[in-house]
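Quick notes on the structure that follows.
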Amino acid sequence: MLGESIMNRSKPVMNEFRRMIGASAVVVRCAADLDHQAEGLLDAVDSYHRGGVALCDRVVVEFAGIPFTMRQMRGELVLHGLEFANKGAPDTAAGAEQSLRIVYDQEAVARRAGAEPAYPRYDASLKLDRSSLKVPRSRLQRMAPSEPRDSGWSIGGTTDKAAESAEFITTVAEIYRVCPWFSKMLALPPGYSAVVGPHNIESIESESGEHVWILDPLTLARFGRSALERSSIAVLERAANALLESITNEGERIRPVRRLARRRAGSVWVTYANALTVQARFKQEGDRNAELDALVDELRHALSPGGKFAGEAAPYAIIDTVVTLYRLYWRDEAAEVLDGLVAPGSSEQAALLFLRAAFAIDSNNYAGAVEALQRSVVIEPNSATTWYHLGAVRLAEVRLEETPPLRSRFDKVIEAFERALALLDIRGTLPIERCIRDLNHSSLRADWELADLLRERTVALREAGRLDEALASAERLVNTYPDQSLSWEMLGTVLTALYRYEDALKVYDRAIQQSKGVPPDEPILARGFASPWYNRAALLALLGHRDEAVADLRYALNLSPDWYSAVFLDERFQELCTDQELQRLVDQARLQVQAQRQ
Numbered sequence: 001m002l003g004e005s006i007m008n009r010s011k012p013v014m015n016e017f018r019r020m021i022g023a024s025a026v027v028v029r030c031a032a033d034l035d036h037q038a039e040g041l042l043d044a045v046d047s048y049h050r051g052g053v054a055l056c057d058r059v060v061v062e063f064a065g066i067p068f069t070m071r072q073m074r075g076e077l078v079l080h081g082l083e084f085a086n087k088g089a090p091d092t093a094a095g096a097e098q099s100l101r102i103v104y105d106q107e108a109v110a111r112r113a114g115a116e117p118a119y120p121r122y123d124a125s126l127k128l129d130r131s132s133l134k135v136p137r138s139r140l141q142r143m144a145p146s147e148p149r150d151s152g153w154s155i156g157g158t159t160d161k162a163a164e165s166a167e168f169i170t171t172v173a174e175i176y177r178v179c180p181w182f183s184k185m186l187a188l189p190p191g192y193s194a195v196v197g198p199h200n201i202e203s204i205e206s207e208s209g210e211h212v213w214i215l216d217p218l219t220l221a222r223f224g225r226s227a228l229e230r231s232s233i234a235v236l237e238r239a240a241n242a243l244l245e246s247i248t249n250e251g252e253r254i255r256p257v258r259r260l261a262r263r264r265a266g267s268v269w270v271t272y273a274n275a276l277t278v279q280a281r282f283k284q285e286g287d288r289n290a291e292l293d294a295l296v297d298e299l300r301h302a303l304s305p306g307g308k309f310a311g312e313a314a315p316y317a318i319i320d321t322v323v324t325l326y327r328l329y330w331r332d333e334a335a336e337v338l339d340g341l342v343a344p345g346s347s348e349q350a351a352l353l354f355l356r357a358a359f360a361i362d363s364n365n366y367a368g369a370v371e372a373l374q375r376s377v378v379i380e381p382n383s384a385t386t387w388y389h390l391g392a393v394r395l396a397e398v399r400l401e402e403t404p405p406l407r408s409r410f411d412k413v414i415e416a417f418e419r420a421l422a423l424l425d426i427r428g429t430l431p432i433e434r435c436i437r438d439l440n441h442s443s444l445r446a447d448w449e450l451a452d453l454l455r456e457r458t459v460a461l462r463e464a465g466r467l468d469e470a471l472a473s474a475e476r477l478v479n480t481y482p483d484q485s486l487s488w489e490m491l492g493t494v495l496t497a498l499y500r501y502e503d504a505l506k507v508y509d510r511a512i513q514q515s516k517g518v519p520p521d522e523p524i525l526a527r528g529f530a531s532p533w534y535n536r537a538a539l540l541a542l543l544g545h546r547d548e549a550v551a552d553l554r555y556a557l558n559l560s561p562d563w564y565s566a567v568f569l570d571e572r573f574q575e576l577c578t579d580q581e582l583q584r585l586v587d588q589a590r591l592q593v594q595a596q597r598q
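Going by the UniProt record's numbering, the sequence shown opens with residue 1, and the numbers climb by one from there.
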């Protein structure tokens with residue numbers, strides 16, 4: 001809400017923005033959505049330094065009319081803004097959050113009104129009519145300043161009766177403290193005026209008298225479409241920003257989508273990101289707007305390859321937008337961006353194809369995911385991450401086939417894993433890795449390790465019947481990760497396939513030794529914890545050791561009852577399928593799982 005006090009916001013998560021300026025590490029601590037303001041403050045510090053100012057403890061730098069003080073902390077210079085909550089002169093605040101939040105809000109209103117911000121100094125004077133503090137609507141007007149310490153602002157009521165009230169001089173800092181609902185207007189340039197209430201901005205007029213603030217979403221959508229037809233990008237951007245403000249309570253809930261496009265792209269792309277965000281909010285709340293749908297659709301076509309604004313769409317901004325929409329669970333909107341703007345040719349577009357694979361996996365379209373990853377590695381063949389996931393997705397696709405897969409299918413899986421293994425040392429040097437780290441997709445993981453690659457490569461080699469190679473891969477796995485139970489278990493499955501049963505039993509013993517500890521509560525993790533017990537039980541059953549097999553199976557089912565479904569499909573248990581004790585254990589586990597699911 002506009003009337004929400006700047007000093008009473010819920011405490012945000014602090015990020016650190018740092019830069020080496022000269023020989024000093026300079027740090028700004030503030031919320032993530034203030035990144036643009038934090039970088040602007042660091043630019044101001046850099047300008048002071050280049051102007052000959054020595055950077056040290058208690059040096060003051062002015063940015064957007066507010067002084068920021070440097071404090072030496074653990075070898076770094078941390079910038080602190082002002083605290084405006086208390087009466088009298090503002091105190092130095094712990095951190096830059098509050099001051100930069102004021103700058104953020106002022107810039108947002110000025111930009112939406114189509115103006116360059118003209119920030120007043122915090123100690124500049126303004127005229128305040130006392131009646132404006134008691135009436136629901138007040139008028140703010142800014143004239144050309146009469147002297148350096150004059151902000152040019154006057155604030156009064158909107159009725160004739162209000163004009164009779166006494167006017168007095170106060171400071172901008174006092175407005176920040178007492179009347180925070182006025183503070184957002186104060187970066188509008190001289191000549192601008194506004195009508196403001198505690199809960200919303202009703203209108204803003206430019207120096208020429210043009211009405212530049214519209215609240216009605218339908219009118220704004222029509223305004224934006226008209227601007228798009230005229231290729232009036234500045235007007236279009238104002239309309240899209242205004243839509244976002246009107247629909248989403250001033251954009252507080254989805255600021256990430258607003259700021260991400262601003263980093264590396266031009267105004268057309270910012271407009272599109274904002275309009276897409278508004279459309280997503282409309283759809284989420286079940287309030288469809290045909291005018292807005294048409295505006296977003298036309299913008300998408302204008303930015304698509306061959307469109308009149310095609311050159312304006314920066315690939316990095318597209319990646320950021322897709323990831324942000326995906327993480328907000330606006331999957332359809334994220335897919336729409338890819339459908340409109342993906343075109344092969346650069347490493348950024350290779351990352352976009354990686355995102356397309358993520359959407360395909362979400363739809364259980366493994367063939368589509370494989371196609372997207374194949375196109376991605378053609379563009380960027382040195383990405384170990386893409387080759388690894390191409391192999392993993394291909395392996396998942398092969399396992400879904402109803403008929404036994406051809407050897408050539410496994411050959412392609414293994415080839416992808418081999419390429420990933422050869423490129424492992426440079427896996428983190430491409431935008432694809434940064435892209436999926438933000439995506440946080442359950443299937444396309446940024447935190448995969450050599451162990452994951454060796455395990456899946458071993459599985460593919462074993463299932464392809466290339467058992468000698470599978471054994472070599474499994475032995476490399478246990479030599480590299482001897483403390484992981486799963487490494488030894490993988491070696492045991494390969495030795496079993498080679499009919500080296502006694503060796504396999506010894507390896508399963510080692511896997512169980514490595515897995516000892518407190519069993520996890522999470523069912524999926526518990527299943528993995530029980531896995532070596534189950535596999536040793538199955539091998540003991542195959543060798544005819546009935547009592548030992550039943551004991552191990554009992555322990556495995558106690559850890560994870562889910563294993564019951566595998567027993568009667570496992571050929572190793574074939575000789576014991578009619579054993580009454582084994583059947584009792586399986587039935588008991590089955591009933592336990594069914595009870596948990598109800």
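Glycine included, each C-beta is placed from N, C-alpha and C at the ideal position.
### Same chain, Cβ closer than 8 Å to E207, neighbours up to 5 away in sequence not counted
P189, P190, G191 and Y192
### Task
Would you mind working out which of G81, L140 and S531 sits nearest C179, comparing C-alpha positions?
L140
### Task
Starting from I379, trace the alpha helix (DSSP H) both ways and give me its first and last residue.
Here the alpha helix (DSSP H) through I379 covers Y366 to I379.
#### Entry: The alpha helix (DSSP H) enclosing D503, as first and last residue numbers
Y501 to S515
### Task
State the beta-bridge partners of Y169 as determined by DSSP.
In the sequence as presented, Tyr is not what sits at residue 169; that position holds Ile. DSSP lists K127 as partners of I169.
### Message
With H, G and I counted as helix, E and B as strand and the rest as coil, what does DSSP make of F529?
### Response
helix
### Message
Quick check on this structure: which residue in A460, G544 and V507 has the alpha carbon closest to the alpha carbon of L406?
### Response
A460
### Message
Quick check: what's the CA-CA separation for V494 versus T385?
### Response
26 Å
### Query
Span of the alpha helix (DSSP H) holding C435?
P431 to L439
### Query
Under 9 Å, do L539 and Y508 count as touching if we go by C-beta distance?
yes
### Message
Short of 7 Å in beta carbon distance, which residues of its chain neighbour L42, apart from the five on each side in sequence? Order them along the chain.
### Response
F17, R19, V26 and V28
### Pairwise C-alpha distance: R222 and L295
8 Å
### Query
For G157, which three-state DSSP category applies?
strand
### Message
Could you tell me the alpha carbon to alpha carbon distance between A317 and G391, rounded to whole angstroms?
### Response
28 Å
### Task
Mind checking which residues open and close the beta strand (DSSP E) that includes L79?
E76 to H80
### Task
For my contact list, A334 and A357 are in at a C-beta cut-off of 8 Å; report their separation, rounded to the angstrom.
Between A357 and A334 the Cβ distance is about 13 Å, and since that is not below 8 Å, they are no contact.
### Task
Give the straight-line distance between the Cα atoms of Q592 and E522, rounded to the nearest whole angstrom.
Inter-residue distance for Q592 and E522 is about 16 Å (C-alpha atoms, whole angstroms).
### Query
Which word fits S346, buried or exposed, when buried means at least 16 other C-beta atoms lie within 10 angstroms of its C-beta?
exposed
#### Entry: Collapsed DSSP secondary structure at E16 in the structure displayed
In the displayed model, E16 falls within a strand according to three-state DSSP.
### Message
I need the DSSP call for V135, collapsed to helix, strand or coil.
### Response
coil
### Query
Going by DSSP, what residues sit across from L140 in a beta bridge?
I155 and A194
#### Entry: Coil, strand or helix - L585 by DSSP
helix
### Task
In angstroms with no decimal places, state the Cα-to-Cα distance between F359 and E147.
59 Å
### Query
If Y122 and I66 are in contact, beta carbons under 8 Å, what's the gap, nearest whole angstrom?
5 Å
### Task
Could you work out which residue in L542, R457, T480 and K516 is closest to D496 when comparing CA atoms only?
It is Thr, not Asp, that sits at residue 496 in the sequence shown. The shortest C-alpha separation from T496 is found at L542.
### Query
Start and end of the alpha helix (DSSP H) containing T219?
P217 to E229
### Message
Using a 10 Å radius around the Cβ and a threshold of 16 neighbouring Cβ atoms, would you call V378 buried or exposed?
### Response
exposed
### Task
Please go through the same chain and pick out, in chain order, the residues whose beta-carbon is closer than 6 Å to the beta-carbon of W330, but skip the five residues on each side of it.
A280
### Message
For L353, which residues in the same chain have their Cβ closer than 8 Å to its Cβ, ignoring the five residues on either side in sequence?
### Response
V342, P344, A372, L373, R375, S376 and I379
### Query
Taking all protein chains shown into account, do 16 or more other C-beta atoms lie within 10 angstroms of the C-beta of E348, making it buried, or fewer, making it exposed?
So E348 ends up on the buried side.
### Cβ-based neighbour list, E581, same chain, cut-off 6 Å, excluding 5 preceding and 5 following
Spatial neighbours of E581 in its own chain (CB-CB distance under 6 Å, excluding positions within 5 residues in sequence) are listed in chain order as V550.
### Contact set for A566: own chain, Cβ-Cβ below 6 Å, skip 5 residues either direction
Excluding five sequence positions before and after A566, none of the CB atoms of its chain fall closer than 6 Å to its own CB.
### Message
So, at 7 Å on beta carbons, what are the nonlocal neighbours of A530 in its own chain, with the 5 sequence-adjacent residues on each side left out?
### Response
A556, L559, S560 and W563
### Message
Among the candidates A23, A396 and G40, whose CA atom is the shortest distance from the CA of C30?
### Response
For C30, the closest of A23, A396 and G40 by C-alpha to C-alpha distance is G40.
### Query
Going by DSSP, what residues sit across from S203 in a beta bridge?
V195
### Residues of its chain near R572, where Cβ-Cβ distance is below 6 Å and the 5 sequence neighbours each way are ignored
A538, A541 and L542
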